[in-house]
Structure formats: C-alpha cells, structure tokens
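Visitor:
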Amino acid sequence: MNSFATAILDNMFTVKTGNVEFFNVFGSKIQRSLFAFVDENDLPMLEDIIEELPQKKQNTCVVKMRDKNGEPILMLLKMSIVMVSEQEFIEAYFIDILHNEQLYNEAVEKYRISERHLMNMEMLCFEYSPNTRTINIYMYSLNQTVSIFNGDFYEWKHNALDSNYIPEDQIETFNAFCFDIESCKESFTYKLKSKLFTKGEMVEENIIRCSSLTTILGNTFITGTVASVVNNSTLGVENSYIRTYKDPMTGVLNKTSVVRFIKNRITNLKPNESIVIAILDLDNFKLVNDTFGHLYGDKVIIKFANIISSTIGGRGITGRFGGDEFMIMLEGIKDEMDLRSVLRAIRTSVETEFRDIGNNISLTTSIGAATFPKDAKNYDELFTKADYCLYLSKMRGKNRYVMFDYMIKEHHYLNDKLMLKKDHSSLDRIAYALHVIDMILTNAKPPIFDILSAVGERYNLGRIRIYTGSDLELKYNWGKPTEEIEFECIYEDFYLDAFTENKNFVINYISNIEANYPTVYKHLCASGTQAAVQYLMGNKQHVHGLISFEMIDSTNHWSDDAIYSFTIIGHLLETMAFDKGLL
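To convert, note that position 575 of the sequence shown is 893 in my numbering; the numbers rise steadily by one, no gaps.
#1: Excluding the five sequence neighbours on either side, which residues of its own chain have a C-beta within less than 7 angstroms of the C-beta of Arg673, listed in chain order?
#2: Check Asp599 in the structure and name its three-state DSSP category.
#3: Going by other Cβ atoms of all chains shown within 10 Å of its Cβ, with 16 needed for buried, is Thr818 buried or exposed?
#4: Who are the near neighbours of Gly856 in its chain, counting only those whose CB is closer than 6 angstroms to its CB and skipping five residues on each side?
#5: Determine the burial state of Gly637: buried for a count of at least 16 other Cβ atoms within 10 Å of its Cβ, exposed for fewer.
#6: Out of Gly542, Thr538, Glu519, Leu531, which one is the CA nearest neighbour of Ile525?
#7: I need the boundaries of the alpha helix (DSSP H) containing Cys502, first residue and last residue.
#8: With Asn342 as the anchor, note down where its alpha helix (DSSP H) starts and where it stops.
#9: Taking the alpha-carbon of Glu389 as reference, which of Ile399, Leu891, Val356, Leu364 has the nearest alpha-carbon?
#10: Roughly how many whole angstroms lie between the Cα atoms of Tyr563 and Glu339?
#11: Look up Ala323 in the DSSP assignment and give the residues it is bridged to.
#12: If you follow the alpha helix (DSSP H) that Ile664 is in, where does it begin and where does it stop?
#13: Check Val824 in the structure and name its three-state DSSP category.
#14: Grouping DSSP H, G and I as helix and E and B as strand, with all else coil, what is Tyr882?
#15: Measuring alpha carbon to alpha carbon, tell me which residue in Ile584, Ile620, Val544 is nearest Val570.
#16: How close, in whole Å, do the beta carbons of Ile784 and Lys793 come, if the pair is a contact with beta carbons under 8 angstroms?
#17: With distances taken from CA atoms, which of Ile408, Ala354, Arg781, Ile646 is nearest Lys334?
#18: Check the DSSP bridge columns for Asn468 and list the partner residues they point to.
#19: When you compare each of Phe467, Ile595, Tyr882, Asp328 to Leu700 by their alpha carbons, which one comes out closest?
#20: In whole angstroms, what separates the C-alpha of Ala325 from that of Ala410?
#21: Using only CA atoms, which one of Phe690, Gly518, Lys604 lies nearest to Asn582?
#22: Within 10 angstroms of the Cβ of Leu479, are there 16 or more other Cβ atoms? Answer buried if so, exposed if not.
#23: Go ahead and label Met647 buried or exposed: buried means 16 or more other beta carbons lie within 10 angstroms of its beta carbon, across all protein chains shown.
#24: Provide the residue(s) that pair with Gln376 in DSSP beta bridges, ordered along the chain.
#25: Would you call the CB atoms of Tyr446 and Phe341 closer than 8 angstroms?
#26: Strictly by DSSP, which residues pair up with Arg527?
#27: Can you tell which of Phe492, Asn820, Phe444, Lys858 has the C-alpha that lies nearest to the C-alpha of Gly469?
#28: Going by alpha carbons, who is nearest to Ile675 out of Ala844, Asn602, Arg665?
#29: Using only alpha-carbon positions, find the residue among Gln859, Phe805, Phe884, Ala844 that is nearest to Phe823.
#30: Rounded to the nearest angstrom, what separates Trp474 and Glu500 at their Cα positions?
#31: Which of the three DSSP states, helix, strand or coil, is assigned to Ser866?
#32: Look up Ala849 in the DSSP assignment and give the residues it is bridged to.
#33: Excluding sequence positions up to five away, which residues of its chain have a Cβ less than 7 angstroms from the Cβ of Phe506?
#34: When the Cα atoms are used, what is the spatial distance from Leu779 to Thr800?
#35: Given a cut-off of 8 angstroms on the beta-carbon distance, is the pair Asn359 and Lys386 in contact?
#36: Suppose you measure from the CA of Ala880 to the CA of Phe896; what does that come to, to the nearest Å?
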C-alpha cells in the first residue's frame, strides 16, 4: 500500500465508510463490524483497546486481521474519537506492518533515538496536536515521562498572559512563538525570558527549539525542547525547573514533587479511574553502608531506582523519599492480578540483582501498596495505609509485598485509629525489633542472653524464658527469677492446639486460659505471669522448645507490632539455638 487504509466506524464499531485503500484490502462490503476483520485470537486484545477508548480518546494496538481473501495481515490499528455533525464516530487507521516494514522500523528507530537523546539531555519537552488543540509539557525521569501540564493550548496561552508569566517586553516574542506552534511551522527556535516554564516561580531565559513531525499515520504535530540559558550560551543546559523536581542522585522525582504529582492526580481523577501508590525500601540496607561504605551504598540506591523505574516503565512515576525509601504511583492497573504482577516483578528483580553482593550480604525489598479511591478518601489516608502495609511486610519477614485490601479484616484497620496514626512508641518498638533482627542476621551474633536482656528491657517485659528439648527444660531465664525448671504441662489439656500456624499463642489475660488449659494456668500463675506471648520451637508434632515473653506485675493487651516482633525474634532465636546445638 502506498498510503494507509482508513475507515469511519459508528459507536457500535460498524464500518460506515472507508477510503479506496480500505476497500482494496478488506473488500467492498460495508456495514460490517470491525470485529469481523480481526482474527479470533486477537479479539480479547481489541476489546481491551476499545474499552479504554472513551477515556483516552485515541488508542493504538497491533492485531492480526483477515483481508478480503481471508489471508492474515498484521495491522497497526489506531482509533480516534471524532465529531461529525455533532455526532461521535471512530476514525480508524490501518497500517500493514509487513508491507510497510521499512517505513515502520525507520519511524520506530527515529523515535527511540530521539527519546533517548531527550532523556540524556534532561530538558523539558512539549508536544502540540493541532487536531485536539492540546499541549502536553513533560519531562523525563529516567525512562518515565512525567506530565507538567496537559490541556487546552489556548487556555495555557491565555493563562500565561493573565498570570503575568510573560514580561511586557517579551509578549511580542511569545505571541510569535504561539503563532508558529499553531501554524505547525516546519522548524523554529526562540529565546524567551519568562516564568512560563517555572510555573511562575522565577523569571528564566530559555531556548525553545521546535519542529513539525508527521507520524506514520499521517498526523502532524509539533514537538519541542526547553533549555535554560546560562552565560548567554546559545546551546542551553538542563532546565532549572527540572532540577527542582528531581532527586539529584538517582534522577527520579524528589519527595516534594512526587507527592505533588500524586495529589494533583487524585484531584483530577475521573470517576472510573484509580491509582495505586506503593512505598518500598531495601531490606537490611544499613549492612551495606556499614560494610562497604556510603559511596557503595549510593551506587546500590541508584541501581535500586533504575530497577523500579524500568520495571514500571510508562505505567507510572517513581520518587525518592530519602535514603533507600521510594514511592511509586501506578495507573491503568486492571485488577488485583495486574498489580501483583508489577509488584512481584520489582521484588524479584531486586532479589536477583542484589543476591550475595559480598560478605554474604543479600538485599531484598519490602513493599506496601494501597489504591485510591478504593482504600482511601485522600492522599494522607492513602499514604498512611500504604505505609502500614510496608510495616506489615517487614513484620512478616521482609522480601514481600502487602496490598492494603487484604489487611482490613485481619487487622481491623479501619476501626483502629491508633494504628492509622502509628504512635511513636509503637514505631520505636518496631524499629528496635528490626534492629534486633539485623543483629541476629549478621555474622557477629551476640549471645542469646544478651538478646533476651535487650528485648526484655526495650519492651518493658517482666521475664523471658526459653525451654529446650522435648521435655522443655528451662535453659535461659531473663528477668524475674523462677522456680519452675520445666514446662512439660505443654502436652496436657490439648494446649499445643492453641498455637497458630505462625507458631505463637497470645495470652492477654492469664484468667482467659483457666477454663480450657487449667494445668498451664496453674503453672504460669505459680511463677507470677499475668500475660504472655509464647513461641513454639519445632512444631506441634515434634516440639523442640518454647520461648515465653511475659508480663509479671500487670496485664497487657498485646499490640500487633509486639506479637509480630516476638514471633519473628522467636523464629530467629530458634535458629540460633539450633546452630548452638541446644535443640
């Protein structure tokens, strides 16, 4: 084909008319549905593209179709919503990829070279479409595009003038620049002093280079770059506005800008749209700085940022909060499985990249995610819930992702405002538990009794006891002395059945177990225990020991963070005891 096949479809996707090329390929029959020309294996993909069309106004895909002779054709299909006599239709372009392979490949390569060049230049970019009369001003953050403004060109132009972004002596230049954009002039360059590309924050001199491009679909648009002028240079450097948006070390958005973008996206979200935010960091990253130094740690953070950004690609944006903590925003997530696939890809990529980086140190990532508007009514609530899920992923052993939706019933999150606020004492206990875990995981493991002493003092416990062997003989006792030298009563009254699949049993009030487990009740009362979290070493069929974290002088309703911390610390102490031959 020397030109492209085009057709006009109604809102039922029935062909109403087409050009000569269309009928040469698909035959002279009209009033046929677009679906009739598409190979049945590609129908689901076409349905997805059509479903997104009302929102996006235009969409593109590659599908296998059938020509008038039933022969397969690989088509690049672009559909756009157009208005004809105040009635909505769909304009469809069909490009035979195989017959236009050279043209297609050249266009794709030019686009990729241009895109890579712009990424390296780190300038503000913009595109103007005369068909929709919209201008999109954006920047690149690693391999992601971040929109600064995307809307009506005339609204943008008049707002710039009304807001006094253009100094009086620059108005003539600005109007000429806008005229050339609207005229789709082939190539033009302007030097302009204004607040236009700093959102009114400061006057800056910019070099604006523009050119007119025609896509392989025959559509013309203007594309341009905006660079700052330094020392009267005619070349231009990185736009100063970009520097206020980006994290200087990693190239992703900084904390202020990523939060601003997410809040703005939430404000402008349409009723049928949603976004996901995920907070993530590197597990055990402190070991890297302590072992290899901060310069190496910076290289790890940069690589981490690249993994995140390259994995989510154009589906969202990435921002760095500080240290090894990042936040991403995802759009166009279809369902739970789609979200899981993105988060899983990040987790596994990090695990693979940083497996055994030296000194037996491996890094993984923990991720917490929440969805707007399903899980929250505003940004602050959305962030808090995603942060809570990150905390849960840490407490559950790291190297995992947790999505808020599945936490509501288990943790009664919505009914517990204290958990939403995450008071400082709770955070301190969590942070300390993670510190203890890191100590245990390092090569320089402290003695078990020193760990019990540190945990007991930090959590204000009255006593911690460790019983070992099948007869559960008392091996360690920190805190208040006890005359009880064994815990064989664990085998009576079906007490082992009380332990959960996480191998713990929570006793908030000692009186709660009197009816069901009278033997254990008497044993604990005799030693003055008022409340306890107990961790089973081994399993119910083969008991190797028991760790009992206890309150003596007062009762206590154990918090979730304490239960998770004791369970994880219990598991690691079990490993240490096994290594020492105590089990």
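A virtual CB, placed ideally from N, CA and C, is assigned to each residue, including glycine.
Guide: Reading from the atomic positions:
#1: The residue given as residue 673 occupies position 355 in the sequence shown. Cβ neighbours of Arg673 beyond the five flanking positions: Ser680.
#2: Translated into positions along the sequence shown, residue 599 becomes position 281. Look at Asp599 here: in three-state DSSP terms it is strand.
#3: The sequence position of residue 818 within the sequence shown is 500, counting from 1. Exposed, because fewer than 16 other Cβ atoms sit within 10 Å of the Cβ of Thr818.
#4: Start at 1 with the first residue of the sequence shown, and residue 856 comes out as number 538. Excluding sequence neighbours, Gly856 sits near His862.
#5: Here residue 637 refers to the residue found at position 319 when the sequence shown is read from its first residue. It is buried - the Cβ of Gly637 has at least 16 other Cβ atoms within 10 Å.
#6: Here residue 525 refers to the residue found at position 207 of the sequence shown. Relative to Ile525, the option among Gly542, Thr538, Glu519, Leu531 whose CA is nearest is Gly542.
#7: Residue 502 sits at position 184 when you count from the first residue of the sequence shown. Counted as a single uninterrupted DSSP element, the stretch harbouring Cys502 is not any alpha helix (DSSP H), since DSSP gives it neither H nor E.
#8: Within the sequence shown, the letter at position 24 stands for residue 342. DSSP places Asn342 in the uninterrupted alpha helix (DSSP H) bounded by 338 to 344.
#9: Residue 389 sits at position 71 when you count from the first residue of the sequence shown. Nearest of Ile399, Leu891, Val356, Leu364 to Glu389, Cα basis: Val356.
#10: By 1-based counting over the sequence shown, the position of residue 563 is 245. By 1-based counting over the sequence shown, the position of residue 339 is 21. Going from the Cα of Tyr563 to the Cα of Glu339 covers about 48 angstroms.
#11: The residue given as residue 323 occupies position 5 in the sequence shown. Answer is Phe412, bridged to Ala323.
#12: One-based indexing of the sequence shown puts residue 664 at position 346. Run containing Ile664: 654 to 671, per the alpha helix (DSSP H) assignment.
#13: Numbered from 1 along the sequence shown, position 506 holds the residue referred to as residue 824. Three-state DSSP puts Val824 in a strand.
#14: Taking the sequence shown and counting its residues from 1, one reaches residue 882 at position 564. Residue state, collapsed to three classes: helix.
#15: The sequence position of residue 570 within the sequence shown is 252, counting from 1. The shortest Cα separation from Val570 among Ile584, Ile620, Val544 belongs to Ile620.
#16: As a first step, residue 784 must be located in the sequence shown, where it is residue number 466. As a first step, residue 793 must be located in the sequence shown, where it is residue number 475. The beta carbons of Ile784 and Lys793 sit about 5 angstroms from each other, so the pair counts as a contact at 8 angstroms.
#17: In the sequence shown, residue 334 corresponds to position 16, counting from 1. Of the candidates Ile408, Ala354, Arg781, Ile646, Ile408 places its Cα closest to the Cα of Lys334.
#18: Residue 468 sits at position 150 when you count from the first residue of the sequence shown. DSSP lists Asn454 as partners of Asn468.
#19: Counted from its first residue, the sequence shown places residue 700 at position 382. Looking from the CA of Leu700, the closest CA among Phe467, Ile595, Tyr882, Asp328 belongs to Ile595.
#20: As a first step, residue 325 is located in the sequence shown; it is residue number 7 there, counting from the start. As a first step, residue 410 is located in the sequence shown; it is residue number 92 there, counting from the start. Rounded to the nearest angstrom, the gap between the Cα atoms of Ala325 and Ala410 is 5 angstroms.
#21: On the sequence shown, residue 582 is found 264 positions in, with the first residue counted as 1. The candidate whose alpha carbon is nearest that of Asn582 is Phe690.
#22: In the sequence shown, the residue the question calls residue 479 occupies position 161. Classification for Leu479: exposed.
#23: In the sequence shown, the residue the question calls residue 647 occupies position 329. The C-beta of Met647 has 16 or more other C-beta atoms within 10 Å across all chains shown, which makes the residue buried.
#24: Working through the sequence shown from its first residue, we reach residue 376 at position 58. Gln376 has Ser398 as its beta-bridge partners, per DSSP.
#25: The count along the sequence shown starts at 1 and reaches residue 446 at position 128. The count along the sequence shown starts at 1 and reaches residue 341 at position 23. For Tyr446 and Phe341, no; Cβs fall outside 8 angstroms.
#26: Taking the first residue of the sequence shown as 1, we reach residue 527 at position 209. Residue pairing by DSSP places Arg527 opposite Thr507, Thr543 in a beta bridge.
#27: The residue you call residue 469 lines up with position 151 of the sequence shown. For the residues Phe492, Asn820, Phe444, Lys858, the minimum Cα distance to Gly469 belongs to Phe444.
#28: Counting from one through the sequence shown, the residue named residue 675 turns up at place 357. Of Ala844, Asn602, Arg665, the residue nearest in Cα terms is Asn602.
#29: Numbered from 1 along the sequence shown, position 505 holds the residue referred to as residue 823. Closest option to Phe823, judged by alpha-carbon separation, among Gln859, Phe805, Phe884, Ala844: Phe884.
#30: In the sequence shown, counting from the first residue as 1, residue 474 sits at position 156. In the sequence shown, counting from the first residue as 1, residue 500 sits at position 182. Rounded to the nearest whole angstrom, the C-alpha separation of Trp474 and Glu500 is 13 angstroms.
#31: Sequence index remark: in the sequence shown, residue 866 carries index 548 (1-based). Reduced to three states, the DSSP call for Ser866 is strand.
#32: As a first step, residue 849 is located in the sequence shown; it is residue number 531 there, counting from the start. According to DSSP, which records beta bridges pairwise, Ala849 is partnered with Met869.
#33: Locating residue 506 in the sequence shown gives position 188, where the first residue counts as 1. Within the same chain, Phe506 has close Cβ partners Asp498, Cys528.
#34: Counted from its first residue, the sequence shown places residue 779 at position 461. Counted from its first residue, the sequence shown places residue 800 at position 482. One alpha carbon belongs to Leu779, the other to Thr800, and they sit about 15 angstroms apart.
#35: As a working mapping, residue 359 is identified with position 41 in the sequence shown. As a working mapping, residue 386 is identified with position 68 in the sequence shown. Contact flag unset, no.
#36: Counting from 1 along the sequence shown, the entry for residue 880 is found at position 562. Counting from 1 along the sequence shown, the entry for residue 896 is found at position 578. Cα to Cα, the separation comes out at about 24 angstroms.
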